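Worksheet: one structure, shown below.
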Amino acid sequence: MDDFSDLELFDDESSQSQASEPYLLGFVIANIVGLRYYHGTINRREMVGLVREPLNPHDPNAIKVINVRAAQVGHIERSVAAVLAPLLDSFTISVGAIVPKPPNTPKPYRLPVQIHIFARLAASAFVLDALAGGGLSLISDPNPGFALSEAAIVQEKKPDEATRLDDVFAMVGKNDAGIVPLEPPKDIVLTELLPHQKEALGWLVDREDPCNLPPFWEEKDGGFCFLLTNHQTSDRPEPLRGGIFADDMGLGKTLTLLSLIVTNRPSYTAHGSKKSNSRKKPGGSRKKRKLNEEDDQVSGPRTTLVVCPKSVLSSWVTQLEEHIQVGALKVYLYYQERVKDIEELKKYDIVLTTYNTVASEYGSGASTLESIDWLRVVLDEAHVIKNTASKQAKAVFALNAERRWAVTGTPIQNRSSDLYSLISFLRFEPFATKTYWTSLIQLPLHKGKESGMLRLQSLIGTITLRRTKDTCCDGQRLVALPPKIVETCFVELSAEERECYDEMESQAQSIISRYIDAGTVLRHYSTVLYCILRLRQICNDVALCPSDIASLLPTGALEDVSNNPELRNRYLSMIEDGDDFDCPVCLSQPEKVVITHCAHIFCEACILKVLKRTNPPCPICRRQLSRSDLFLVPPTKTSNDNEDDLQKMVNFDRPLSSKVKTLLKLLITSKEANPSEKSIVFSQFRKMLILLEEPLKAAGFRVLRLDGSMSVKKRTEVIQEFGKNGSHSSTVLLAALKAAGAGINLTAASRVYLVDPWWNPAVEEQAMDRVHRIGQKQEVRIIRLIVKDSIEERVLELQERKKRLVGGAFGRKDPKSQANMRVEDIRTMMHL
DNA sequence: ACCGCCGGGTGCC
DNA sequence: ACCGCCGGGTGCC
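Pasting the structure below:
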């Protein structure tokens, strides 16, 4: 099952293809009403934000109007809101708004506003109808062909948005001339920071209490002016505390963040129990706070919430243990079992949790994480929230914190909308409000206007720090790494293996070419993947793959009960209740267990015999049964059945597969040359790793294994163990490609074997980067094992093509952006 | 008068 | 709001 986890058919990129970018349909005139009830001020020709208010008790269609300071100005009049709300809620349109006339003094009751309507070309007819049906007249440009020609321009311009976005970070660093490198307290952060990390720390500390006005604000006649919308106010705008920390992978972001947490630790009263309502007033405390300043009055929040993907948790734990003085920081792992006591959690310096944990509490009405005012929230691998509609994104948006950080090694994935989610998380007003983002950034950008690009650069430039491994620091490359050599070792199959492979491949080819001819590949995607999977397995070892491919096709195989959670739970509870387990047909313990839709249990063989009769009934309850009512129960995961089977398979006196033999030979040769050299063996197949363990041990290697099924704690232990040196230390780590997620440091090794190729080169690259990163002192040798004349060679071909395709500057290292296989790729891989 | 008309109260959503 | 709308008071000429 795990092998399929990344193989979504379409990523979101394809669903919002270039042709479907919103364009300006025109605008409607409406009134902002209820101005007398709110304090939000507004100036002439000022842009305002429109925000849906579905929970408004007076009108579920309510749309409120806010200014750049997010202060409410009024509402859109009811009749217009009634038309727009459904279109907004269904994401059919997006809107921007501008107040054309200056409000009179004294304050009027209502104010006309132009609402610009944006829609995708495909939806425009529907939107026009809906607007007309609601009695709204849409005004488009005097030029009657405006809307369409505009759309055409947008489509023409769109393809190079990606290229132009490469420039977004051009500004980053340009404003940073004034960065002063900073040392963290040495008694707590035990590791000496590298020069670029000290610079980053200086920048982070500065960003948490910035002196300058936020971008696009200007001081003017004793007041303040937001230049982009002409908003004037006498209140100083709140500074944005935090930002985007987007250094490349491997530059030590986690260590730098830990240093920030230590360095900017507020001082507290004894146990900070009295509630602080000293929310920073605008204009107050403009002066830089001195570090570690004694201040008995401060009793604000002390806790930093770190949210990261599960795969990175262990890396945080490891880095804490490695770099931070024991006991200096109180850290709580809020994951699985977790304390719900808010006051208790507030006593920690760091609460470490995952996106899924935050998401699982979101909207429950009793979210512990949401009810705490955090000192800061750090989102690690923040690009995971790029979809603002996802539950994870919504959940982290709801977190309250004085300071907010989005941390990512892959900040831009070729679309400005990915940046929006980060801005939105940072609560970087007014851009965090969708209507402002759309009108101030997104739209000018799509129209190809320079202003959009300049604005985006300027705002990203102020709040982002990004360096790559190639960035220079005092004329030196930030990170000088020893060389990395990638070589390919071709494996010849034995005659026996070759026969099996060819047989399987021609079966698979005939199945898949039939789908391709019928144009139904995508509908049979899982079958296709199954075929490909099997072929890849045979290249590793025939034992990974049952011999008859036909029996593996969905039409032949019974569905797995894990696809039917309700039934699976019933089955599990039946086992727990100690129900009798024997097959009622043959009265013995079933070998392969099948559970029926009516929840009765049989041997697979017995119930299949029953099924051969006409109109077969369930032998127990007499209900009619068909094949689709049967679900195969896999051996229980928690038991060792699976591994025992594999061990049996390994010890069955079977000759080793060609690939295993080759790998062994390579390992033995390098061991003879250098007995203490450590190697990592990556495979996508957990079974392959298990299968390798015995032969390696038999050949005298000390072996460790790291795979996705291990707990966070166990993984951390394994990585630590692997890092140890000495005559009894382990020299080979068998690792699942995916388990080596971002952040894991495997620099103890200097040799990497990629046992099987992954069609997305970025995934392999990520795995290699775990070894070839800061801290690596030796030359790194990477050896990929490829079976000649097989699907593996074609996977290499595919990789090359993908690499050429994404030659651009961004997204290159983002495994997600090219995670999916398309029909053309399938053709290549199947030699069709 | 199951109306028209008058004039006071009232006012976002 | 110098409006519209609501609802109570009122009622031939």
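Going by our numbering, the first sequence opens with residue 40, and the numbers climb by one from there.
Don't be surprised by glycine CBs; every beta carbon is placed ideally from N, CA and C.
Since the structure is predicted, the reported quantities are computational estimates derived from the model, not experimental observations.
Taking a 10 Å sphere around the C-beta of residue 402, we find fewer than 16 other C-beta atoms and assign the residue as exposed.
Contact annotation, residue 778 with residue 746: C-beta distance approximately 5 Å; criterion of less than 8 Å satisfied. Runs of the beta strand (DSSP E) lying entirely within the region 346-384 and spanning at least 3 residues, in chain order: 370-372. Residue 823: not part of any alpha helix (DSSP H); member of the beta strand (DSSP E) spanning 819-826, first to last residue. Three or more beta-carbon pairs separated by less than 8 Å are not found between the region 161-172 and the region 145-153, which leaves the two stretches without contact. For residue 388 against residue 357, the beta-carbon gap comes to about 17 Å, at or over 8 Å, which does not count as contact.
Pairing residue 438 with residue 409 gives a Cβ-Cβ distance under 8 Å.
DSSP places residue 602 within a helical segment (H, G or I) once states are collapsed to three.
Following the DSSP letters along the chain, one finds residue 395 inside the alpha helix (DSSP H) bounded by residues 394-400. Exposure of residue 538 is indicated by the presence of fewer than 16 other C-beta atoms within 10 angstroms of its C-beta. By the criterion of a C-beta distance shorter than 8 Å, residue 639 is surrounded in its chain by 623, 657, 658, 659 and 660, once the five residues flanking it on both sides are discounted.
A contact is defined here as three or more CB-CB pairs under 8 Å, and the region 357-372 fails this definition with respect to the region 416-425. Around the CB of residue 145, fewer than 16 other CB atoms lie within 10 Å, so the residue is classed as exposed. Distance from the CA of residue 741 to the CA of residue 549, rounded to the nearest whole angstrom, comes to 44 Å. Sequence-distant partners of residue 646 (beyond 5 residues in either direction) whose C-beta falls short of 6 Å from its own C-beta, in its chain, are 633. Pairwise C-beta distances place the region 707-726 in contact with the region 570-584, as three or more of them are shorter than 8 Å. In the DSSP assignment, residue 296 falls within the unbroken alpha helix (DSSP H) covering 292-302. Burial check for residue 668: the Cβ neighbour count within 10 Å reaches 16 or more, so the residue is buried.
Per DSSP, the continuous alpha helix (DSSP H) segment holding residue 431 begins and ends at 430-436. Of the residues 790, 147, 817 and 423, the one whose Cα lies closest to the Cα of residue 823 is 790.
Under the Cβ criterion (8 Å, minimum of three pairs), the region 551-560 does not count as touching the region 696-704.
DSSP lists 669 as the bridge partner or partners of residue 635.
Distances from the CA of residue 833 to each of 817, 362, 867 and 103 were compared; the closest alpha carbon is that of 867.
The residues 717, 761 and 762, in chain order, have a CB closer than 7 Å to that of residue 787 in the same chain once the five nearest residues on each side in sequence are set aside. For residue 411, the three-state secondary structure derived from DSSP is coil. Beyond the five residues adjoining it in sequence on each side, residue 271 comes within less than 7 Å, by CB distance, of 82, 262 and 264 in the same chain, given in chain order. By the CB criterion at 8 Å, residue 379 and residue 407 fall inside the cutoff.
Taking all protein chains shown into account, residue 283 has 16 or more neighbouring C-beta atoms within 10 Å of its C-beta and is therefore buried.
For residue 551, there is no enclosing beta strand (DSSP E); the residue is part of the alpha helix (DSSP H) that begins and ends at 534-557. Pairing residue 155 with residue 124 gives a Cβ-Cβ distance that is not under 8 Å. Between residue 841 and residue 800, the gap from beta carbon to beta carbon is short of 8 Å.
In this structure, DSSP gives residue 264 an extended state, which the three-state scheme calls strand. For residue 705, the uninterrupted alpha helix (DSSP H) segment begins and ends at 697-712. Remark: C-beta atoms of residue 267 and residue 157 do not approach each other more closely than 8 Å.
Of the residues 482, 87 and 99, the one whose Cα lies closest to the Cα of residue 61 is 482.
By the neighbour-count criterion, in which 16 or more other beta carbons inside 10 Å mark a residue as buried, residue 473 falls on the buried side.
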